[in-house]
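Novice:
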Amino acid sequence: MMKKKEWIKCGVAAFLCLMATGCSKESGLSGDEEFTENFRTFVMGGKAIDTHQTWSTVVSVPVKIIVDFGNTADYTVYIFQTPPLYDTKALYIGMAKVKSGTSKTIYVTKPANTGLFYAACYDSDGHAVCRPFPISTTDTELTFTGKIPDTTTNIIPIGGNRWSITEKERPNLTHYITGTLPEVTDVMDQANGEAMHMRLSSDYTGFIPNLALYEGQSLYVTSQWTLSMNQQISNGNVLIIGDGGEVVIPKDYKLTTKSLGSNSKSGAIYVLPGGKISGEGSVEFTDNESEYHYNGGTIMVNNLLLSGGLLYNIGTIGNPIITTTSITSSIDANGQNGNLINRGYTYLTQFNGNNLAIQNGGYLKVNGPLQLSSSSLMDDGSYTECDALTLNGSSNGDKVLYMGNAAYLNCLGDVSINNFGVWGPTGDNYQSNAIFKISGCSYCTTTDGQPGTYMLDHVELITPQKFPTVFDNGAMNIWDSSIKGIGTGKLQTSFSGFYNLYMLYHWFNGYEGRILNTENYQWTTDNNDKNNFEWNKELAPHASGVESLRQTCLYSTSPSYTYTGIARFRKESVTTPSNNCVYYAFETLEDKTKDYDFNDLVLRVNTPIDNGDNTYTSTVQIMCVGNTIKTNVLYNNEVFGNEIHATIGTAVTTPINVTDVPRVFRKFGTITFNAADNRIDQLPFSIQTEDTNGKVTLLKPDVRSGEAPLFIVINGDVRSRWFWPIEGTNIGIAYPQFSNWGANMQSNVDWYDSTNAAVNRTVVWE
């Protein structure tokens, strides 16, 4: 930054400007040492200046951006200080237009106090997928990969994967439903032990004892059977409900396959296409000799009980318009857990169970809470919906929800996560990302280093555009101990939105031990030019069990994936973000009395915009003019824009915006960069002033350690603001932590934040 001065007589056209941070000193010149000494006394409080001090709160860091979504579409990538997921006004500090299948390197203006950043990759419709990532001063790569489902997605299940549901054939029931079958009403009084395959071809109301008391019985229903009491299908007997057949279970009655005792066997129920079980009562499926029960028709009862039994559904369970059906899963006396394999359509009011697991390869909708306590499967192209979701796992990481290609889990309310992993598709059969949509997070915990407790592998996590966290209260830097910008640190669970934040930091993508461990961060000094806080990738991460190559899941700012017709994966457009900026605050040495308020001229340089032709453009604005003499800005040895007073619209002798902001900020000009050099924290600005006596002063940059600055570079806050000192207030009074930072640039790195400003000592504006 500027550190010295040089007097040049009026008319001398020598605008020699060097690229660096200070001002050159000619031998025999006076005043420079006095300027620095007074700065140490009045601003620094007698502290020595850090010899590494560059008087900049930012550093330009190269970031290589790689985009590969398996197509050739154009994408725009933005890099933020705050998560765009729940900060809808997030401003970017870097942006690039990248074609899928290619890469591009840009410079990002990295604040020294921030180690964790956020990137969003927007498609042409304005839909964005996002991810957190750490920035190092060298070799930082940001990768967006995977395949996002869209309206053309047509997923055919591929078996043999960790998320695949095993197809089950309908049992061979030929000997139960063909041939000459007696009417059940004609053989009610048969003797014990006589095997009998029966049929019901006319409506009947009543109890059928044969199916409960005797062995070797089967009943093929092709008409309506209404229960008059609880009905057992036990002793290995079989109930088949064929096309046109219906079993009606009135309220308080139960149809069950449960055995009658320890010496009895359970039965089996098979509902064929066109068959139906209905009513306000209950149907109970228990473990049976035939391995599973089967529904290819319709089951619409109030209560469906899976008491150790497995129900394989390729038909319909529940009413698709207004369902009254609930499922309760329980463990039987043999330790067998009840389970549903759904390849059809299931509509429920609730799905409960102490050790519940699901296998969904079709459409499953729960108009209530869903709690999973065992590993579950959601096959390719499946859809699961619930009002609220509880994932109740264990710290050893053995509870995982495996989701397939374009599998869609839509939680309309909050998710509660206790050491439960969610893994998307991977490997040779990977076709597109899975979708996991939630409204918020009510609880979250994971076990560091256990992959089974994280969300991993090609899952797109979708949340509402308004996803409340502590950031809603204006917080930007969340810290652990004295290190800011890392994790949730000292935040308490009682803070509003805490678990929303915790879920993304700790559960999402296995980042807990990788980029939130404070031991993985350190201060670095590279040729006195890149002194900043960075992620040290050489340190071993705690989460050693989480493979970085598998961490390809993303979160999304688009909340509107639907499941209707071809619009199943419709994406709602989001607002294109705006850019952040850096400020150049100048002290121009207008007279011998130096106030060190650094408001003689304040420029705002916006983050460059990628023009798409290997050039980038930044807009420069004039924010404040404290000088009362003619002043011009030079850029690359040439006059930049017009005289500053004329630009902002005031007389040369009149300062503006030095005590409040009566005058709007004015555009000063634009700067165009080539792709190789778009660092806005190291711009070659010089200041030329001319006093009333015609004396011209040229202030030009040069690096000199341990000397006072003539300008300071400050990054804008999360709202693109910085409040400069009011006229006559030295910056050390306006910002009491400034002197600590000047003496040790690794301390008080957010001295410039408005929350650290002295009351009534800065120009506050919105």
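FYI, in mature numbering (1 follows the signal peptide of the UniProt record, and there is no 0) the residues of the sequence shown are -25 to -1, 1 to 741. Just so you know, even glycine gets a beta-carbon here, dropped at the ideal spot from N, CA and C. Since the structure is predicted, the reported quantities are computational estimates derived from the model, not experimental observations.
For Val738, which residues of its own chain have a beta-carbon under 8 Å away from its beta-carbon, when the five flanking residues on both sides are left out?
Specialist: Asn574, Cys599, Asn632, Val633, Thr634, Asp635, Val636, Phe698, Trp699, Pro700, Ile701
Novice: Which of helix, strand or coil does DSSP assign to Gln721?
Specialist: Looking at Gln721 - three-state DSSP - the assignment turns out to be coil, as it is neither helix nor strand.
Novice: Consult DSSP for Ile437 and reduce its assignment to one of helix, strand or coil.
Specialist: Per DSSP, reduced to three states, the secondary structure at Ile437 is strand.
Novice: With which residues is Gln206 paired in a DSSP beta bridge?
Specialist: BP columns for Gln206 point to Leu230.
Novice: Return yes when the Cβ of Thr298 is within less than 7 Å of the Cβ of His433, no when it is not.
Specialist: no
Novice: Once the 5 residues before and after Val627 are set aside, which same chain residues still bring their CB inside 6 Å of it?
Specialist: Lys605, His620
Novice: Which of the three DSSP states, helix, strand or coil, is assigned to Val739?
Specialist: Correct three-state label for Val739: coil.
Novice: Does the structure place the segment 61 to 72 close enough to the segment 551 to 563 that three or more beta carbon pairs sit under 8 Å?
Specialist: At 8 Å Cβ cutoff, the stretches touch.
Novice: Under 7 Å Cβ to Cβ from Ser241, same chain only, skipping five residues before and after it: list those, please.
Specialist: Residues of the same chain with a CB within less than 7 Å of the CB of Ser241, apart from the 5 flanking positions on each side, are Ser209, Thr232, Lys233, Ser234, Thr261, Asp262, Asn263 in chain order.
Novice: Within 10 angstroms of the Cβ of Met163, are there 16 or more other Cβ atoms? Answer buried if so, exposed if not.
Specialist: Under this definition Met163 is an exposed residue.
Novice: Hey, does Gln207 have any beta-carbon neighbour from chain B nearer than 7 Å?
Specialist: Absent here is chain B; the protein component of the structure consists of one chain.
Novice: Using the rule of at least 16 other Cβ atoms within 10 Å of the residue's Cβ for burial, across every protein chain shown, is Glu741 buried or exposed?
Specialist: exposed
Novice: Can you list, in chain order, the stretches of the alpha helix (DSSP H) that have 4 or more residues and sit fully within the segment 143 to 181?
Specialist: Qualifying alpha helix (DSSP H) stretches, in chain order: 149 to 152.
Novice: Do Asp43 and Lys74 count as a contact pair if the criterion is CB distance below 7 Å?
Specialist: no
Novice: For Thr(-5), count neighbouring Cβ atoms within 10 angstroms of its own Cβ and tell me buried if that reaches 16, exposed if not.
Specialist: At Thr(-5), the pLDDT of 36 sits below 50, so the modelled position is not reliable and the matter cannot be decided from this model.
Novice: Would you grab the beta carbon distance between Met430 and Gly388 for me? Rounded to a whole angstrom, and I think it's under 8 Å.
Specialist: With 8 Å as the limit, Met430 and Gly388 do not qualify as a contact, their Cβ atoms being about 18 Å apart.
Novice: Name, in chain order, the residues that DSSP records as bridge partners for Ser193.
Specialist: Per DSSP, His172, Val213.
Novice: Could you have a look at Trp699 and say whether DSSP puts it in helix, strand or coil?
Specialist: Trp699 falls in the coil class under three-state DSSP.
Novice: If distances are taken between C-alpha atoms only, which option among Asn329, Asn342, Ala71, Tyr267 comes closest to Gly293?
Specialist: Asn342
Novice: Just mark Ala23 as buried or exposed, buried being the case when its beta carbon has 16 or more other beta carbons within 10 Å.
Specialist: By the 10 Å Cβ count, Ala23 comes out exposed.
Novice: How big is the Cα-Cα spacing for Lys412 and Asn270?
Specialist: 29 Å
Novice: List the endpoints of the continuous alpha helix (DSSP H) containing Ile123.
Specialist: Note, Ile123: premise wrong, no alpha helix (DSSP H); not H, not E.
Novice: Along the chain, where does the alpha helix (DSSP H) containing Tyr474 start, and where does it finish?
Specialist: 473 to 477
Novice: By Cβ distance below 7 Å, which residues in the same chain neighbour Phe14 in space, the five residues on each side in sequence not counted?
Specialist: Excluding residues within five positions, the ones whose Cβ falls inside 7 Å are Tyr571, Ala683.
Novice: Report all residues from its chain with a CB closer than 6 Å to the CB of Tyr97; omit the five preceding and five following residues, and keep chain order.
Specialist: Thr51, Ala103
Novice: Starting from Leu186, trace the alpha helix (DSSP H) both ways and give me its first and last residue.
Specialist: 185 to 188
Novice: If you compare alpha carbons, which of Tyr405, Ala409, Asp423, Asn393 is closest to Tyr474?
Specialist: Nearest C-alpha to Tyr474: Asn393.
Novice: Touching or not, the segment 269 to 287 and the segment 247 to 260, by the rule of three or more beta carbon pairs under 8 Å?
Specialist: Contact between the segment 269 to 287 and the segment 247 to 260 is present: 3 or more CB-CB pairs across the two stretches fall below 8 Å.
Novice: If you follow the alpha helix (DSSP H) that Ile706 is in, where does it begin and where does it stop?
Specialist: For Ile706, the enclosing alpha helix (DSSP H) begins and ends at 706 to 709.
Novice: Ignoring anything shorter than 3 residues or poking outside the segment 335 to 373, list the beta strand (DSSP E) runs there in chain order.
Specialist: 338 to 347, 351 to 353, 358 to 367
Novice: Between the segment 110 to 120 and the segment 32 to 41, do at least 3 Cβ pairs fall closer than 8 Å?
Specialist: yes
Novice: For Tyr727, which residues in the same chain have their Cβ closer than 7 Å to its Cβ, ignoring the five residues on either side in sequence?
Specialist: Thr32, Ile689, Trp697, Tyr710
Novice: Tell me where the beta strand (DSSP E) around Phe10 begins and ends.
Specialist: Taken as a continuous stretch (DSSP letters only), Phe10 belongs to no beta strand (DSSP E), being part of the alpha helix (DSSP H) at 7 to 13.
Novice: So who's on the other strand from His268, going by DSSP bridges?
Specialist: Leu286, per the DSSP bridge assignment.
Novice: Can you give me the Cβ contacts of Gly290 inside the same chain, cut-off strictly under 8 Å, excluding the 5 residues immediately before and after it?
Specialist: Within the same chain, Val246, Pro248, Asn270, Gly271, Gly272, Thr273, Ile274, Gly319, Tyr320 come within 8 Å of Gly290 by CB-CB distance, once the 5 residues on both sides are set aside.
Novice: Indicate the three-state DSSP secondary structure (helix, strand or coil) for Gly402 in the structure shown.
Specialist: coil
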